[in-house]
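Colleague: Starting off with a structure, shown below.
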Amino acid sequence: MTEGRLLSILIPAVGGQGGGVLAEWLVDAGLIAGHAAHGTSIPGVAQRTGSTTYYVEIYAGDTQEPPIFSLYPVPGALDVLLAPEFLEVGRAIELGFPSPERTTIVASTHRLFSIHEKMATGRAIHPPGELEAAARAFSRSLVAFDALAVAREHGSEVNAVLLGALAASDALPVRPDAFREAIERKAIQVEANLRGFDVGLTLGRQRAEAPRPSAKRPFRAPPALAESLAVFPDALRPLVGEALSRLIDYQDEKYAVLYLERLAPFVGGDRDSTLAEIVARHLAVWMTYEDAIRVADLKTRAGRFERIRREARVKDAEIVVTDFLRPDLDELYGVLPYRLVAPFARWAERRWPRGRPTVGQHVKTTTILGFLRLWLLARLRPLRPISYRAQREHERMERWLTAVRRCAEWNTALACEVARAAQLVKGYGEVRRRMTGLFDDLIQRALQAGSLETLQGGRVTVATELTAAYRRLVLQGPEQEAKATALAADVITRLEKNEPDAALAAITGSGAGG
1158 MTEGRLLSIL
1168 IPAVGGQGGG
1178 VLAEWLVDAG
1188 LIAGHAAHGT
1198 SIPGVAQRTG
1208 STTYYVEIYA
1218 GDTQEPPIFS
1228 LYPVPGALDV
1238 LLAPEFLEVG
1248 RAIELGFPSP
1258 ERTTIVASTH
1268 RLFSIHEKMA
1278 TGRAIHPPGE
1288 LEAAARAFSR
1298 SLVAFDALAV
1308 AREHGSEVNA
1318 VLLGALAASD
1328 ALPVRPDAFR
1338 EAIERKAIQV
1348 EANLRGFDVG
1358 LTLGRQRAEA
1368 PRPSAKRPFR
1378 APPALAESLA
1388 VFPDALRPLV
1398 GEALSRLIDY
1408 QDEKYAVLYL
1418 ERLAPFVGGD
1428 RDSTLAEIVA
1438 RHLAVWMTYE
1448 DAIRVADLKT
1458 RAGRFERIRR
1468 EARVKDAEIV
1478 VTDFLRPDLD
1488 ELYGVLPYRL
1498 VAPFARWAER
1508 RWPRGRPTVG
1518 QHVKTTTILG
1528 FLRLWLLARL
1538 RPLRPISYRA
1548 QREHERMERW
1558 LTAVRRCAEW
1568 NTALACEVAR
1578 AAQLVKGYGE
1588 VRRRMTGLFD
1598 DLIQRALQAG
1608 SLETLQGGRV
1618 TVATELTAAY
1628 RRLVLQGPEQ
1638 EAKATALAAD
1648 VITRLEKNEP
1658 DAALAAITGS
1668 GAGG
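Pasting the structure below:
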């Protein structure tokens, strides 16, 4: 009787990634290789708040002695962690499953953001560098690359690519031919999955020890405005070039020229390059705000339907696309000329101060009438510059830029913080109204604090810290917004009493200071 070894494989998969098929391939490959194998699964919850865990054990040894299989992995005793998405590596590490003495981690580095990452007001995406460092620290061997990109490039699936990478890792006593036979026996998209397996096998044999950095996007600049980029520093040109392309796609060249005019006061001479970069980035995003016209334009582009058909992996079948739209009154009259709807808008704001009525619609974009509804709305683009929404958005942009320039006269650090405050202008409907109200309050408080400190001979340190703390608190979520406004009021009161130290202490005590 030979000495047996029980090998454990954990697959923490998000819904729709083929984790169940991957587990079945592993079990079948183990059996084909002459081993005993067993698999089980523990369902997770939907909408990316948890994963469905698949667990496989392969017993390599004397099959005359039936092994006792487990239904769940033992923390610290895992042989293989096979993760179709990179955050799942972090989840498994948090639960204590992998160990640096034993575990081989094979993972795709692409991300499917969790609900918690999506819900946060600010940027809450888990830093990929931390995930990579954790994967290295808690693995005996790490094979990590963007399996989703590879699968799309070769017309396959992530699970097949990862299976190939696992086969190349030598973590299991199973030959590649056994995995190929398992794929054939399963009889699901055999040709595509074998293609993905072979590509993953090649990449795995290259021992991709580090997640591949994402390739930089090619430099883009509209030819008509290429000469305008000469005044910008080399480090800033790719960003501005991308912004110009985005603005022309959104509106036209005249609109892109307006962007350059607004950006000009922050570039050249001895002006701070960091401030210019912050303004350039946030101004481009703000000037391409998503109104009903933009949404309709994006939803009726040919590339969208091609992408849907490609992802659905059907050739001749009919695809029906239904868009669920729920615009409120602001979004409906916002695309109309300002002079025409301004009186009605003022009445609506008085009539519904805390939320406008919405109009729910289910538009079948793949039908002629449904497509025409959105296509005609997208054709209102020439009216956008004179629309009610544009008037309101650009008035606020100008106030922001004026505030940034004023603060730059006092202190560059304060100007950078006021420039970053544009992060607060986001969302749709009631969310956007609430966020722009907070943005307006933040700009007012920053200028007020800066003026008070300047009059008192200070260096606007309090104003800088207050602006940063206010923004951080708001970006933590709605529950912190009242705290941000209360903090600002308290700090201003202390500055009016010429108590800058007490004002700084209040900011530090809020837990949102730098």
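If you count the sequence shown from 1, you need to add 1157 to reach our numbering.
By construction, the Cβ of each residue, glycine as well, lies at the ideal position given by its N, Cα and C atoms.
Can you tell me whether residue 1252 is buried or exposed, with buried defined as 16 or more other CB within 10 angstroms of its CB?
Modeller: Looking at its Cβ environment, which holds fewer than 16 other Cβ atoms inside 10 Å, residue 1252 is exposed.
Colleague: Using DSSP with H/G/I as helix, E/B as strand and the rest coil, what is residue 1369?
Modeller: Residue confidence for residue 1369 is low, a pLDDT of 45 falling below 50, so the modelled location carries little weight and cannot support an answer.
Colleague: Could you please give me the residues that DSSP links to residue 1163 through a beta bridge?
Modeller: 1216
Colleague: Compute the Euclidean distance between the alpha carbons of residue 1352 and residue 1360, then round it to the nearest angstrom.
Modeller: 13 Å
Colleague: Report yes if the CB atom of residue 1261 is closer than 8 Å to the CB atom of residue 1303, and no otherwise.
Modeller: no
Colleague: Please state whether DSSP places residue 1174 in a helix, a strand or coil.
Modeller: coil
Colleague: According to DSSP, is residue 1617 part of a helix, a strand, or is it coil?
Modeller: In this structure, residue 1617 counts as coil in the three-state DSSP scheme.
Colleague: Please tell me whether residue 1244 and residue 1288 are closer than 8 Å, where the distance is taken between their beta carbons.
Modeller: yes
Colleague: In whole angstroms, give me the CA-to-CA distance for residue 1629 and residue 1324.
Modeller: Taking the straight line from one Cα to the other gives about 46 Å.
Colleague: Please classify residue 1694 as buried or exposed, where buried requires at least 16 other C-beta atoms within 10 Å of its C-beta.
Modeller: The shown model of the chain, from 1158 to 1671, leaves out residue 1694, and the question about it has no answer.
Colleague: Out of curiosity, what's the CA-to-CA distance linking residue 1231 and residue 1183?
Modeller: 19 Å
Colleague: Look at the alpha carbon of residue 1169 and the alpha carbon of residue 1217, and state the distance between them as a whole number of angstroms.
Modeller: 23 Å
Colleague: Reducing DSSP to helix, strand and coil, say where residue 1301 ends up.
Modeller: Residue 1301 falls in the strand class under three-state DSSP.
Colleague: If you run the structure through DSSP and keep just helix, strand and coil, what is residue 1333?
Modeller: Secondary structure of residue 1333 (DSSP, three-state): helix.
Colleague: Does the separation of the CB atoms of residue 1632 and residue 1606 fall below 8 Å?
Modeller: no
Colleague: Short of 7 Å in beta carbon distance, which residues of its chain neighbour residue 1389, apart from the five on each side in sequence? Order them along the chain.
Modeller: 1397, 1424
Colleague: Roughly how many angstroms separate the alpha carbons of residue 1322 and residue 1239, rounded to a whole number?
Modeller: 10 Å
Colleague: Which parts of the segment 1385-1462 are runs of the beta strand (DSSP E), unbroken and 3 residues or longer, counting only runs that do not cross its ends?
Modeller: none
Colleague: When you compare each of 1618, 1190, 1167, 1407 to residue 1180 by their alpha carbons, which one comes out closest?
Modeller: 1167
Colleague: Taking the alpha carbon of residue 1463 as the point to measure from, which residue in 1250, 1523, 1426 has its own alpha carbon closest?
Modeller: When each option's Cα is compared against that of residue 1463, the closest is 1523.
Colleague: Have a look at residue 1443 and residue 1178 and give me their C-alpha separation to the nearest angstrom.
Modeller: 44 Å
Colleague: Determine the direct distance from the alpha carbon of residue 1639 to that of residue 1511, and round the result to whole angstroms.
Modeller: 16 Å
Colleague: Going along the chain, which residues of its own chain have a beta-carbon closer than 6 Å to the beta-carbon of residue 1527, five neighbours each way excluded?
Modeller: So the qualifying residues of the chain are 1520, 1521.
Colleague: Would residue 1255 pass as a contact of residue 1249 if the rule is Cβ separation under 8 Å?
Modeller: yes
Colleague: Once DSSP output is grouped into helix, strand and coil, what is the label at residue 1518?
Modeller: strand
Colleague: Classify residue 1488 as buried or exposed, calling it buried when 16 or more other Cβ atoms lie within 10 Å of its own Cβ.
Modeller: buried
Colleague: According to the neighbour-count rule (16 or more other Cβ atoms, all chains shown, within 10 Å of its Cβ), is residue 1314 buried or exposed?
Modeller: buried
Colleague: Span of the beta strand (DSSP E) holding residue 1196?
Modeller: 1193-1199
Colleague: For residue 1599, which residues of its own chain have a beta-carbon under 6 Å away from its beta-carbon, when the five flanking residues on both sides are left out?
Modeller: 1578, 1627
Colleague: Just the C-alpha distance for residue 1214 and residue 1643, rounded to the nearest angstrom, thanks.
Modeller: 57 Å
Colleague: I'd like the span of the beta strand (DSSP E) that includes residue 1265, first residue to last.
Modeller: Counting along the chain, the beta strand (DSSP E) containing residue 1265 begins and ends at 1261-1265.
Colleague: With DSSP collapsed to three states, give me the class of residue 1210.
Modeller: Strand, per DSSP.
Colleague: Which whole-angstrom value describes the C-beta separation of residue 1540 and residue 1492, a residue pair presumed to lie in contact below a C-beta threshold of 8 Å?
Modeller: 7 Å
Colleague: Just how far apart, CA to CA, sit residue 1203 and residue 1566?
Modeller: Model confidence at residue 1203 stands at a pLDDT of 48, short of 50, so the residue's coordinates are unreliable and nothing is read from them.
Colleague: Just confirm the distance between the C-beta atoms of residue 1165 and residue 1235, as a whole number of angstroms; I'd bet it's less than 8 Å.
Modeller: 5 Å
Colleague: Which residues mark the beginning and the end of the beta strand (DSSP E) in which residue 1480 is found?
Modeller: Note, residue 1480: beta strand (DSSP E), 1479-1482.
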